[in-house]
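Colleague:
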Amino acid sequence: MTRSTSIAASVESYRSTQSTDDDWNIETLRELTDVVREALQLGSLPSAPLEILSEILKALLFDEQSKSTAVGLDLIAMTYFDKTLDAILSQTTKNIAISEASIQEIFSRATSLQHKWQQRFKEEYFSIDYIRIKDIREGALRDVTLNVEDWKNDKIWLVARNEPVSHHQGDVGFEVGSWWLNIACAFRDGIVGGTDEKATKGPYNVTALPLLTGEEVEGPTLNMYEYTKRGTSKEMPFSILGNRGGPIRILRGHALKSKFAPKIGVRYDGLHVVKQYGHKLVDQNNNIYQCRLVLERATGQKPINDIILPLTPSQMDDWALYIRIVGEQIRAGQGDVAYSEWREFLDAQRMAKEEYIQKKALEASFPRYKLITRKRIMSQD
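Everything in the sequence shown is counted per numbering that gives the first Met the number 0, starting at 0 for the first residue and increasing by one.
#1: I think Y288 touches G230, with their Cβ atoms under 8 Å apart; what is that distance to the nearest whole Å?
#2: Whose C-beta lies closer than 7 Å to the C-beta of K258 among residues of the same chain, with five residues either side of it excluded?
#3: Excluding sequence positions up to five away, which residues of its chain have a Cβ less than 8 Å from the Cβ of A360?
#4: What runs of the alpha helix (DSSP H), each 4 residues or longer, lie entirely inside the stretch 129-215?
#5: Buried or exposed for W116, going by 16 or more other Cβ atoms inside 10 Å?
#6: Measuring only the C-alpha atoms, how far is V191 from I249?
#7: Which full runs of the beta strand (DSSP E) of 3+ residues lie inside the stretch 245-270, going along the chain?
#8: Please name the residue, chosen from I51, T78, G42, that lies closest to W23 on a Cα-to-Cα basis.
#9: In or out: L84 buried (at least 16 other Cβ within 10 Å) or exposed?
#10: Less than 8 Å separating the beta-carbons of G264 and W178?
#11: Determine whether the beta carbon atoms of D188 and E162 lie at a separation below 8 Å.
#12: Starting from the C-beta of D134, find all residues in its chain whose C-beta is less than 7 Å away, skip the five residues before and the five after it, and write them out in chain order.
#13: Which residue wins for smallest C-alpha separation from Y321, given the options L255, Y13, E225, L140?
#14: In this structure, does DSSP put L112 in helix, strand or coil?
#15: In whole angstroms, what is the alpha-carbon distance linking N146 and G138?
#16: So, I155 versus V205, is the Cβ gap smaller than 8 Å?
#17: Taking all protein chains shown into account, do 16 or more other C-beta atoms lie within 10 angstroms of the C-beta of G269, making it buried, or fewer, making it exposed?
#18: Does the stretch 209-223 come close enough to the stretch 166-178 that 3 or more CB-CB pairs lie under 8 Å?
#19: Nearest CA to the CA of L39: which residue from V70, K82, Y224?
#20: Given this structure, state the Cα-to-Cα distance separating Q328 from W150, to the nearest angstrom.
#21: CB-CB under 8 Å to E104, same chain, minus the five flanking residues each way: which ones, in chain order?
#22: Taking a contact to mean a Cβ-Cβ separation below 8 Å, would you say V293 touches E225 in this structure?
#23: Among the candidates Y267, E214, T220, F237, whose CA atom is the shortest distance from the CA of K352?
#24: Give me the Cβ distance between E123 and P312, rounded to the nearest whole Å; I'm assuming they're in contact under 8 Å.
#25: Relative to the C-alpha of K279, which residue among P236, G299, I307, P309 is closest?
#26: Let's see if you can read the secondary structure: which residues bound the alpha helix (DSSP H) around V34?
#27: Using the rule of at least 16 other Cβ atoms within 10 Å of the residue's Cβ for burial, across every protein chain shown, is T194 buried or exposed?
#28: Relative to the alpha-carbon of N181, which residue among V158, Q168, T199, V164 has its alpha-carbon at the smallest distance?
#29: Is the beta carbon of R296 less than 8 Å from the beta carbon of I303?
#30: For V281, I'd like the list of residues in its chain whose CB is within less than 6 Å of its CB, leaving aside the five on either flank, ordered along the chain.
#31: Check each candidate in F120, E30, E50 and name the one with the smallest Cα separation from V70.
#32: Buried or exposed, going by whether 16 or more other CB atoms sit within 10 Å of the CB of Y267?
#33: Under the three-state reduction of DSSP, which class applies to I307: helix, strand or coil?
#34: For M223, list the residues DSSP reports as bridge partners.
#35: Spatial neighbours of T68 within its chain, please: CB distance less than 7 Å, with the 5 preceding and 5 following residues excluded, ordered by chain position.
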């Protein structure tokens, strides 16, 4: 097989095997655009898919010659090809020398394709995010309703319909590393038994536990984790005490102060066994408890390092649109003050997590030393 034939075959792998108006495979195209955008963020075009990208741009330009073959706006939106063209043009201009013929060719084709799409779709092209928002509402956020009045109580999402599989043991059909926008979506799909942080109980033992808040560090040995949390008795996972040692599904949320937590959303991290559990009353007046949980990850699963990989550009874009959806509804339903409070809450949550992770990393680097918070010295007049 010649080099040109090999490239042509690779391009054909991005075509859809089903008969649709747009005969491109959305998933494989999105994977390609993610690879390209990730590389451009680092200031270089990837060498492996460089020729494939150029040929796909060429094919898309060829399709523009006829209305019957030109791609629709939905495909552009779902593959984030509009953002990929933006990234190629802006990063190529700023950071990448375009002296090489292959880079010049990609730059030229990206420029032509962007111009043709902007001319054909006009204002719809510049408001393409509305297509992606519609897809999120009908897909990732299906069967959940936003309740803006309770955003302070973590009850912002109401689930209209859920799959009743959470009380069964094991993976119950979910792939390790599966990801949701929020815990309500995870409950809707059946991996946990509610929209809060409580453990899911089956007929005989606990089957799932979401770690959405609190703190987590590495345990004493490999694949062990130590989790601590403070809260009222209602917020404590006391039901863990009745667990008989069977593996439970552990989900981590982005607000969990842990280097293992996802940057955004909620992720299923596989089956774990509870090795230790304890709790104590630390504030009797306010009914505040502190629990400590030591978990060991079950063997034979996808390694944790293969799960905590950086999110793709399209995932980050979807999250930004999700935040936009929530923010617009809070502002519309509760006003500008509530919207500002919500944004401040998100920022404080993110900063607290980042500071905790940095602190633990520093303590691990200097195990003989303990960080002490400085006290402010009052000046005397």
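Even for Gly, the Cβ is constructed at its ideal location relative to N, Cα and C. Model, not experiment: these values are computed from the prediction.
Modeller: On the basis of the coordinates in this document:
#1: 7 Å
#2: I356.
#3: K258
#4: 182-188
#5: buried
#6: Computed Cα separation, rounded: 9 Å.
#7: Fully enclosed beta strand (DSSP E) runs of 3 or longer: 247-252.
#8: T78
#9: Burial state of L84 is buried, judged by a 10 Å Cβ sphere holding 16 or more other Cβ atoms.
#10: yes
#11: yes
#12: M77
#13: L140
#14: helix
#15: 18 Å
#16: In this structure, I155 lies away from V205, with their beta-carbon atoms at least 8 Å apart.
#17: buried
#18: Here the stretch 166-178 does not lie against the stretch 209-223, with fewer than 3 beta-carbon pairs under 8 Å apart.
#19: K82
#20: 11 Å
#21: S53
#22: yes
#23: E214
#24: At roughly 22 Å, the Cβ-Cβ gap does not stay under 8 Å, so E123 and P312 are not in contact.
#25: Ranking the options by Cα distance to K279, first place goes to P236.
#26: From DSSP, the alpha helix (DSSP H) with V34 extends over 25-40.
#27: Classification for T194: buried.
#28: Distances from the alpha-carbon of N181 to those of V158, Q168, T199, V164 put V158 closest.
#29: yes
#30: If we look at V281 and ignore the five residues flanking it on each side, its Cβ neighbours are I287, Q289.
#31: F120
#32: buried
#33: coil
#34: E295
#35: D62
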